[in-house]
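Below is one structure, written out as C-alpha cells; the observations come after it.
Number of protein chains: 2
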Amino acid sequence: MVSKVNSREKILQTASRLFQLQGYHGTGLNQIIKESGLPKGSLYHHFPNGKEELAIEAVQYTSKFIEENLQKLMNEKEGPVEAIQAFIRDTASQFDNLEDIKGIPVGLLASETALISEPLRNACMQAFKNWQMIIAKKLIQNGYEKEEATKKGLLVNSMIGGGIMHSLTSKDKTPLLVIMEVIPLLIEKKG
Amino acid sequence: MVSKVNSREKILQTASRLFQLQGYHGTGLNQIIKESGLPKGSLYHHFPNGKEELAIEAVQYTSKFIEENLQKLMNEKEGPVEAIQAFIRDTASQFDNLEDIKGIPVGLLASETALISEPLRNACMQAFKNWQMIIAKKLIQNGYEKEEATKKGLLVNSMIGGGIMHSLTSKDKTPLLVIMEVIPLLIEKKG
DNA sequence: GTCTATAGGCAGATAGAC
DNA sequence: GTCTATCTGCCTATAGAC
C-alpha cells in the first residue's frame with residue numbers, strides 16, 4: 001500500500017528535523033505525531049520499539065541526507081579544500097532561517113545519548129564515520145596517504161560539529177565561517 | 001549559617017556535573033537532589049525560579065571553573081600554542097574516566113537550550129565569550145592584532161567544542177588530540 | 001531555613017475497536 | 001494497517017509542618 005510507506009517516511013522526516021533541533025529528550029513523541037499529522041498507533045506500528053528505535057532510524061535518515069550532499073560536492077569540486085568549504089558554506093546558510101532546517105550533523109543527539117543508549121551512540125558514531133570516510137576518500141584521490149587522510153577527515157568532522165554548536169548558540173553563522181576560512185591551512189595541496 | 005552556603009554550593013556542584021554530562025532535559029531535579037543528598041525544598045529555597053535558574057547558575061559555575069583553569073595555563077606557559085595545547089590535553093584526560101568529570105565546556109546544554117530559553121542561551125554565550133577573551137588576550141600579548149586574536153579565540157573555542165562532542169560520542173579522546181596537534185598550524189608565531 | 005507530601009501535567013507506552 | 005482512549009510513571013513545582 002502506498003499510504004504505508006508514506007506515513008513511515010513522513011514520521012521519519014518529522015522526527016529527524018525535530019531531533020536535530022531539539023535533541024532527544026527535548027522532543028516528545030506527541031510533538032512528532034502532532035506535526036506529522038499521524039496518530040500514535042501508526043508510529044508504534046512502524047517503530048514497535050518506540051522512541052529509541054525511531055531516533056536511531058532518524059539519525060540514519062539525516063546521515064544519509066548529509067552523505068549524499070557531501071558526496072555530491074566531492075564529485076563536483078576539483079579539490080578537497082573547495083569541496084569541504086562548499087559543504088561548510090551550505091551548512092552555515094541553514095542558520096539564516098532555522099525553521100526549515102534540512103540537515104545538520106547529529107551532534108546534539110550524539111552528545112545527549114552517548115552515555116545512555118549504546119544503540120543510539122553507535123548509530124551516531126556510524127554517521128560520523130561515513131562522513132569522515134567520504135572526506136578521506138577525496139583526500140586520498142588527491143595524493144594523501146590513507147592514515148593522514150583519515151585523520152584529517154576526523155579533524156574536519158569535529159571542527160564542523162563545533163562550529164555548528166557555536167553558531168546555534170550565538171544564532172550567528174560566523175563561527176562556521178571562521179572554520180571555513182582556515183580549511184586551506186589544514187588541508188594543504190599534495191602531489 | 002554555614003550549612004546554608006554549603007547546601008547551595010553542593011546543589012550547584014551536583015547540578016553542574018549532571019547538566020554537563022546529561023544535558024538539560026536529560027537531568028531531572030529529582031536526580032540532582034538525590035545525588036546531592038538535599039531535600040527538594042532546599043533547592044527551591046535557594047533557586048526560587050526552579051530549573052531554569054539553577055541551570056543558568058550551573059553554567060556560570062562551570063564556566064568559572066574553566067576560566068580559572070584556562071587562565072592559569074595562560075599564565076604558566078610562555079606561548080599561546082603551548083597553553084592552548086595544555087588545555088586541550090587536560091580536557092582530553094577527563095575522558096579517561098567520565099564518572100568523576102570536573103569541567104568540560106557547556107556545549108551540550110548550549111545546543112539543547114539555544115532555541116528554547118533566551119536566558120540560558122545568553123548564559124552559555126557569555127561563557128563562550130569569556131573563554132574566547134582569555135585566549136585572545138594571550139594572543140595579543142604575543143603580537144597578534146586584536147581582530148585576528150578575537151577570531152582565533154572563536155576558532156579554538158569552536159574546535160574544542162567539536163572535539164569534545166566527538167570524543168564523547170566515540171568514548172575516545174583521539175578527536176580532541178587530533179585537534180591539539182593542529183593548533184600550531186593555526187596559531188603561528190608572531191613578532 | 002529545612003524537609004515531606006503531594007498536586008498537576010505531560011511523557012512514553014499499550015489495548016483494543018475498526 | 002489505522003486510529004482513539006487510556007494506563008503508569010516521572011517531571012516540575014508548590015503547600016505547609018517544623
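These protein sequences, in sequence, are chains A and B. Every letter in the first sequence is one number past the one before it in UniProt numbering, and letter 1, counting from 1, is 1. Every letter in the second sequence is one number past the one before it in UniProt numbering, and letter 71, counting from 1, is 71. Where a beta carbon is used, it is the ideal one built from N, C-alpha and C, also for glycine. Since the model is a prediction, treat every value here as computed from it, not as a measurement.
Taking Cβ positions only, does THR169 of chain B come closer than 7 Å to chain A?
Here residue 169 of chain B refers to the residue found at position 169 of the second sequence. Interface residue, yes.
Cβ neighbour criterion (16 or more within 10 Å) applied to GLN22 of chain B:
Taking the first residue of the second sequence as position 1, residue 22 of chain B is located at position 22. Buried.
Members of the segment 103-115 of chain B that neighbour chain A once the beta carbon cut-off is set at 7 Å:
GLY107, LEU108, ALA110, SER111, GLU112, ALA114, LEU115
Look up GLY50 of chain B in the DSSP assignment and say whether it is helix, strand or coil.
Taking the first residue of the second sequence as position 1, residue 50 of chain B is located at position 50. Residue state, collapsed to three classes: coil.
Where PRO184 of chain B and TYR24 of chain B are concerned, what is the direct C-alpha to C-alpha distance, given to the nearest angstrom?
As a first step, residue 184 of chain B is located in the second sequence; it is residue number 184 there, counting from the start. As a first step, residue 24 of chain B is located in the second sequence; it is residue number 24 there, counting from the start. Cα-Cα distance, rounded: 35 Å.
Could you tell me whether any Cβ in chain A is nearer than 7 Å to the Cβ of GLY143 of chain B?
Position 143 of the second sequence holds residue 143 of chain B. It does not; no Cβ of chain A falls within 7 Å.
Let me check understanding here. Comparing Cα to Cα, which of A:ILE56, A:LEU168, A:GLU52, A:ALA114 lies closest to ASP172 of chain B?
As a working mapping, residue 172 of chain B is identified with position 172 in the second sequence. Closest by alpha carbon: A:ALA114.
Please compile the residues from chain A whose C-beta is within a distance smaller than 8 Å of the C-beta of LYS151 of chain B.
Translated into positions along the second sequence, residue 151 of chain B becomes position 151. Within chain A, the residues near LYS151 of chain B are VAL178.
Report yes or no: do the segment 122-137 of chain A and the segment 153-160 of chain A share at least 3 C-beta pairs separated by less than 8 Å?
yes
Would VAL2 of chain A be called buried (16 or more neighbouring beta carbons within 10 Å of its own) or exposed?
On the first sequence, position 2 is the one that residue 2 of chain A refers to. In this prediction, VAL2 of chain A scores a pLDDT of 47, lower than 50, which makes its location untrustworthy; the coordinate-derived value is nonetheless stated afterwards. The residue in question, VAL2 of chain A, is exposed, as its Cβ has fewer than 16 Cβ neighbours within 10 Å.
Using the beta-carbon of each residue, which ones in chain A are nearer than 8 Å to LEU48 of chain B?
In the second sequence, counting from the first residue as 1, residue 48 of chain B sits at position 48. The sequence given here places Pro at residue 48 of chain B; Leu does not occur at that position. Ordered by position in chain A, no residue passes the 8 Å Cβ test against PRO48 of chain B, which lies about 24 Å from the chain.
The alpha helix (DSSP H) enclosing VAL106 of chain B, as first and last residue numbers:
Residue numbering aside, residue 106 of chain B sits at position 106 when the second sequence is read from its first letter. Per DSSP, VAL106 of chain B belongs to no alpha helix (DSSP H) and is neither H nor E.
At least one CB of chain B closer than 7 Å to the CB of GLY28 of chain A: is that the case?
Here residue 28 of chain A corresponds to residue number 28 of the first sequence, with the count starting at 1. So no, GLY28 of chain A is outside the interface.
Of the residues A:PHE87, A:LEU108, A:ASN142, which one's Cα is nearest the Cα of MET180 of chain A?
Here residue 180 of chain A refers to the residue found at position 180 of the first sequence. Measuring from the Cα of MET180 of chain A, the nearest candidate turns out to be A:PHE87.
Assign PRO119 of chain A to one of two classes, buried (16 or more other C-beta atoms within 10 Å of its C-beta) or exposed (fewer than that).
Looking up residue 119 of chain A in the first sequence gives position 119. Counting Cβ neighbours within 10 Å, PRO119 of chain A comes out exposed, since fewer than 16 surround it.
Quick one: what's got a C-beta closer than 6 Å to PRO80 of chain B's C-beta in the same chain, skipping five residues either side?
Here residue 80 of chain B corresponds to residue number 80 of the second sequence, with the count starting at 1. Closer than 6 Å at the Cβ level, and outside the excluded window around PRO80 of chain B, lie LYS138, LEU139, ASN142, ILE187.
Rounding to the nearest angstrom, what Cα-Cα distance links LEU18 of chain B and ARG8 of chain A in this structure?
As a first step, residue 18 of chain B must be located in the second sequence, where it is residue number 18. As a first step, residue 8 of chain A must be located in the first sequence, where it is residue number 8. Those two C-alpha atoms are separated by around 35 Å.
Does the beta carbon of PRO175 of chain B come closer than 7 Å to any beta carbon on chain A?
Counted from its first residue, the second sequence places residue 175 of chain B at position 175. Output row for PRO175 of chain B: interface = yes.
What separation, rounded to the nearest whole angstrom, lies between the Cα atoms of LEU154 of chain A and LEU73 of chain B?
Here the question's residue 154 of chain A lines up with position 154 in the first sequence. Here the question's residue 73 of chain B lines up with position 73 in the second sequence. Cα-Cα distance, rounded: 27 Å.
Taking just the CA atoms, how far does PRO48 of chain B sit from GLN132 of chain A?
Here the question's residue 132 of chain A lines up with position 132 in the first sequence. Here the question's residue 48 of chain B lines up with position 48 in the second sequence. Taking the straight line joining both Cα atoms gives about 46 Å.
Would you tell me roughly how many angstroms separate the C-alpha atoms of GLU148 of chain B and GLY103 of chain A, rounded to the nearest one?
Locating residue 148 of chain B in the second sequence gives position 148, counting from the first residue. Locating residue 103 of chain A in the first sequence gives position 103, counting from the first residue. Spanning the two alpha carbons is a distance of roughly 31 Å.
So, under 8 Å CB-CB, ALA123 of chain B and ILE164 of chain B are touching, yes? Tell me the CB distance rounded to an integer number of Å.
Residue mapping note: residue 123 of chain B aligns to position 123 of the second sequence, counting from 1. Residue mapping note: residue 164 of chain B aligns to position 164 of the second sequence, counting from 1. Not confirmed; about 18 Å, so no contact.
is_contact[ALA182 of chain B, chain A] using C-beta, thresh 7 Å
Residue mapping note: residue 182 of chain B aligns to position 182 of the second sequence, counting from 1. Note that residue 182 of chain B is Val in the sequence shown here, rather than Ala. With 7 Å as the cut-off, VAL182 of chain B counts as an interface residue toward chain A.
To the nearest angstrom, report how far apart VAL71 of chain A and LEU43 of chain B are at their CA atoms.
To locate residue 71 of chain A, count along the first sequence from 1; it is residue 71. To locate residue 43 of chain B, count along the second sequence from 1; it is residue 43. For clarity, residue 71 of chain A is Gln in the given sequence; the question names Val instead. Rounded to the nearest angstrom, the two C-alpha atoms are 51 Å apart.
Please state the DSSP three-state secondary structure of ALA15 of chain B.
Within the second sequence, residue 15 of chain B is the residue found at index 15, counting from 1. It is helical.
Assuming contact is defined by CB atoms lying nearer than 7 Å, are SER167 of chain B and PHE65 of chain B in contact in what I supplied?
Within the second sequence, numbered from 1, the residue matching residue 167 of chain B stands at position 167. Within the second sequence, numbered from 1, the residue matching residue 65 of chain B stands at position 65. Cβ atoms of SER167 of chain B and PHE65 of chain B: not closer than 7 Å.
If you compare alpha carbons, which of B:LEU12, B:ALA83, B:THR169, B:LYS152 is closest to LYS51 of chain B?
If you number the second sequence from 1, residue 51 of chain B lands on position 51. Nearest option by C-alpha distance: B:LEU12.
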